[in-house]
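One structure below.
Protein chains: 2
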Amino acid sequence: MQITERFTLAIHTMLCIAYFSDKIKVTSTFIAQSTNSNPVVIRRILGQLKEAELIEVKAGVGGAYIKKDLKDTTLFDIFTAVDAVGNDFFNFHSNPNCQCPIGKNIHSILDEHLTKVQLAMNEEMKKTNLQELLSETKEFF
Amino acid sequence: MQITERFTLAIHTMLCIAYFSDKIKVTSTFIAQSTNSNPVVIRRILGQLKEAELIEVKAGVGGAYIKKDLKDTTLFDIFTAVDAVGNDFFNFHSNPNCQCPIGKNIHSILDEHLTKVQLAMNEEMKKTNLQELLSETKEFF
DNA sequence: TTTGTTGTAACTATTGACATTACAACGAAG
DNA sequence: CTTCGTTGTAATGTCAATAGTTACAACAAA
Chain A
6 MQITERFTLA IHTMLCIAYF SDKIKVTSTF IAQSTNSNPV VIRRILGQLK
56 EAELIEVKAG VGGAYIKKDL KDTTLFDIFT AVDAVGNDFF NFHSNPNCQC
106 PIGKNIHSIL DEHLTKVQLA MNEEMKKTNL QELLSETKEF F
Chain B
6 MQITERFTLA IHTMLCIAYF SDKIKVTSTF IAQSTNSNPV VIRRILGQLK
56 EAELIEVKAG VGGAYIKKDL KDTTLFDIFT AVDAVGNDFF NFHSNPNCQC
106 PIGKNIHSIL DEHLTKVQLA MNEEMKKTNL QELLSETKEF F
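Laid out in structure tokens, this is it:
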């Protein structure tokens with residue numbers, strides 16, 4: 006089990022837009038070259054980021070633009086946009102046996118603990134925003 | 006994207022063993038009935054839990070037994086045992102373009118942040134042990 | 001009208017999870 | 001030493017999700 010590469014692709018995409026969009030027109034083809042991916046794959050991700058209102062995409066003329074202050078978009082926002090799992094991050098086995106004292110209660114007992122795990126992950130992702138990532142990237146120039 | 010149901014199956018399996026193994030012989034067939042799963046699937050999970058030294062399994066005669074104090078096995082141990090994720094939780098897109106200032110640095114920059122996310126999740130899982138889960142289950146009887 | 005782009009559908013390949021059948025190896029009980 | 005229930009594991013099938021690709025209509029501006 007792994008988080009799909011859509012996630013790191015989407016982060017890369019956001020950083021490209023943040024860094025380049027005041028210099029050149031950032032198209033799906035351009036991003037595909039930077040990420041070593043495919044324009045259609047990128048366009049699908051752009052669609053999800055747009056849906057989440059993190060970016061704007063100019064139809065026809067082309068080009069993507071950041072919609073919010075860089076500080077206000079975190080890894081969690083991007084994760085939610087492209088890899089939405091809602092509350093079902095942990096995939097529960099279905100229909101445990103109600104006759105069994107364990108099977109009867111496992112779901113309700115476990116839910117509380119697993120939700121906390123997912124929340125911990127979410128909170129950690131919220132700690133990193135695009136502003137931060139972009140300036141870290143620039144340190145390397 | 007979801008965590009495999011092997012994980013909750015394995016937790017259920019551990020709880021079954023913890024609860025029943027002093028009363029009856031806990032076989033893969035028995036666990037399969039409690040979890041509403043398949044004996045072979047359970048045996049594979051038992052193999053992984055045994056590999057991680059969380060349980061003992063009696064070949065031939067049959068039956069599984071807890072190997073450590075219940076307090077000393079956490080959700081994280083089980084998670085690791087069943088390989089719910091490999092080494093890299095986040096699946097990085099490969100060969101980003103080194104000519105691009107973003108592509109050149111993305112991997113090293115992101116790694117630090119993503120590792121923290123994974124660690125946060127791990128730490129939260131370590132907070133829950135089998136002892137706790139078992140007594141919570143018993144409260145419902 | 002032309003051009004470059006987006007948005008999307010359709011198709012394929014690949015991978016991984018899970019279910020199931022089958023059977024050799026094992027250990028104990030008779 | 002045979003029988004029985006069980007484990008361990010290989011082989012196979014099914015299904016869903018990811019991701020790569022081709023193709024093309026819709027779009028906006030020059």
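One line per chain: the protein sequences are A and B, in this order.
For the first sequence, my numbering assigns the number 6 to the initial residue and increments by one for each residue that follows.
For the second sequence, my numbering assigns the number 6 to the initial residue and increments by one for each residue that follows.
C-beta: ideal position from N, C-alpha, C; glycine also.
Values in this document were obtained by computation on a predicted structure and should not be read as measured data.
Sequence-distant partners of L59 of chain B (beyond 5 residues in either direction) whose C-beta falls short of 8 Å from its own C-beta, in its chain, are M19, I71, K72, K73, T78, D82, I83 and A86.
If the five residues before and after H112 of chain A are omitted, its C-beta is found closer than 8 Å to the C-beta atoms of F97 and P101, all from its own chain and listed in chain order. Of all residues in the segment 25–37 of chain A, none has a C-beta nearer than 7 Å to a C-beta of chain B.
In chain order, H17, S39, T40 and N41 make up the part of chain A whose C-beta sits under 8 Å from the C-beta of P101 of chain B. DSSP, read as helix, strand or coil, puts V62 of chain B in strand. K131 of chain A has a beta carbon lying at 7 Å or more from every beta carbon in chain B.
In the three-state reduction of the DSSP assignment, T79 of chain B falls in the strand class, which pools E and B. Boundaries of the beta strand (DSSP E) harbouring I71 of chain B: A69 to I71, taken from the DSSP string.
Judged by beta-carbon spacing, A125 of chain B lies beyond the 7 Å limit of E137 of chain A, meaning their Cβ atoms are not closer than that value. Closest in alpha carbon position to S42 of chain A, among B:E117, B:H118 and B:S99, is B:S99. A distance below 7 Å between beta-carbons, with the five flanking residues on each side excluded, links L75 of chain B to the following residues of its chain, in chain order: A23, N134, L135, Q136 and L139. A straight-line Cα-Cα distance of about 28 Å links K131 of chain A and V45 of chain A. Partner residues in the beta bridge of F95 of chain A, as assigned by DSSP, are B:I8. By the 16-neighbour rule on beta-carbons within 10 angstroms, G108 of chain A is buried. F94 of chain A has its alpha-carbon roughly 5 Å from the corresponding atom of Q7 of chain B. In chain order, P44, I47, R48 and L51 place their CB closer than 7 Å to the CB of S33 of chain A, counting only its own chain and leaving out the 5 sequence neighbours on each side. Nearest to K143 of chain B by alpha-carbon distance, out of A:V122, A:N110 and A:K28, is A:N110. Distance from the Cα of C21 of chain A is smallest, within the candidate group A:G68, A:D116, A:D88 and A:H118, for A:G68. Under the DSSP assignment, A125 of chain A falls in the alpha helix (DSSP H) whose first and last residues are P106 to K131.
If you draw a straight line from the Cα of H17 of chain A to the Cα of A64 of chain A, it comes to about 21 Å. Closest in C-alpha terms to Q104 of chain B, from the list A:T13, A:I114, A:F35 and A:L115, comes A:F35. I114 of chain B and E141 of chain A have their C-alpha atoms spaced approximately 7 Å apart. Residue burial annotation: A89 of chain A is exposed, with fewer than 16 other C-beta atoms found within 10 angstroms of its C-beta. Contacts with chain A at 7 Å (Cβ-Cβ) do not include I60 of chain B. Proximity of Q136 of chain A to chain B, defined by a Cβ-Cβ separation below 7 Å, is not satisfied.
Of the residues B:V31, B:D27 and B:F12, the one whose Cα lies closest to the Cα of Q53 of chain B is B:F12.
Counting along the chain, the unbroken alpha helix (DSSP H) around S33 of chain A starts and ends at S33 to T40. In the DSSP assignment, the residues bridged to N134 of chain A are A:T79. In the DSSP annotation of this structure, the continuous segment of the alpha helix (DSSP H) that includes I50 of chain B starts and ends at P44 to E56.
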